[in-house]
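Remarks on the structure that follows.
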Amino acid sequence: MGRTLYYNQIDIDLDPARREKLDQMIPELAGKPNKIELRSHTSVKPLPADSPIHDKLVLTYQRGRNVMMYLIQKGIEPKRIRITSAADYEPPLQTGDEKSEQMDRLDVLLLDAFVNDYVGPRK
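Sequential numbering from 27 applies to the sequence shown in the working numbering.
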């Protein structure tokens with residue numbers, strides 16, 4: 027499963043449309059042992075000078091953290107969630123579809139890896 031949340035360039039908040047999209051994903055995510063990756067991207071354009079966040083890695087991490095906290099509130103186990111901040115380091119998609127090529131986005135991915143695959147000491 028892979029779904030995408032789209033953002034404006036400096037936006038990190040979960041607006042009602044993003045919450046609704048996440049709510050639609052919950053039944054597909056809940057009750058499974060699979061890891062969930064939240065992979066966040068930005069465009070290659072520089073952040074505006076008046077942006078409250080000046081580092082794209084911080085921006086993408088904050089988007090992922092906000093989504094993670096929302097999923098936890100909805101009953102998804104925290105140990106299943108992994109945040110990946112790609113910022114503008116991954117090559118842009120080239121699909122010919124302007125919407126899917128939008129770089130200011132967060133991809134919610136249900137992985138083939140399972141929580142119990144990573145069992146070890148937790149301190």
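Where a beta carbon is used, it is the ideal one built from N, C-alpha and C, also for glycine.
inquiry  = Could you check whether Leu40 and Val93 sit closer than 8 Å to each other, using their CB atoms as the reference points?
reply    = By one-based count along the sequence shown, residue 93 stands at place 67. By one-based count along the sequence shown, residue 40 stands at place 14. Yes, the Cβ-Cβ distance between Val93 and Leu40 is below 8 Å.
Member of Gln99, Gly101, Val84, Ile98 whose CA lies at the smallest distance from the CA of Ala112 = Numbered from its first residue, the sequence shown carries residue 112 at position 86. Taking only the C-alpha atoms, the option nearest Ala112 is Val84.
inquiry  = Going by DSSP, what residue range makes up the beta strand (DSSP E) through Lys61?
reply    = Locating residue 61 in the sequence shown gives position 35, counting from the first residue. Unbroken beta strand (DSSP E) run through Lys61: 60-67.
task = Within the same chain, show all residues whose beta-carbon is closer than 6 Å to that of Val70, passing over the 5 residues directly before and after it, in chain order.
result = For the purposes of this step, residue 70 is taken as residue 44 along the sequence shown, with counting starting at 1. Around Val70: Asp114.
Beta-carbon contacts of Glu63 that lie in its chain and below 7 Å, excluding the five residues immediately before and after = As a first step, residue 63 must be located in the sequence shown, where it is residue number 37. Counting only Cβ-Cβ distances below 7 Å, and skipping sequence neighbours, we find Arg108, Thr110, Leu135, Leu137.
message = Please state the DSSP three-state secondary structure of Val70.
response = For the purposes of this step, residue 70 is taken as the residue at position 44 of the sequence shown. Note: Val70 maps to coil in three-state DSSP.
inquiry  = DSSP has Leu132 in a bridge; who is on the other side?
reply    = What you label residue 132 is simply residue 106 of the sequence shown in a count that begins at 1. Per DSSP, Leu31, Ser66.
ask   = DSSP state of Ile150, grouped into three classes?
value = With the chain covering only 27 through 149, there is no way to say anything about residue 150.
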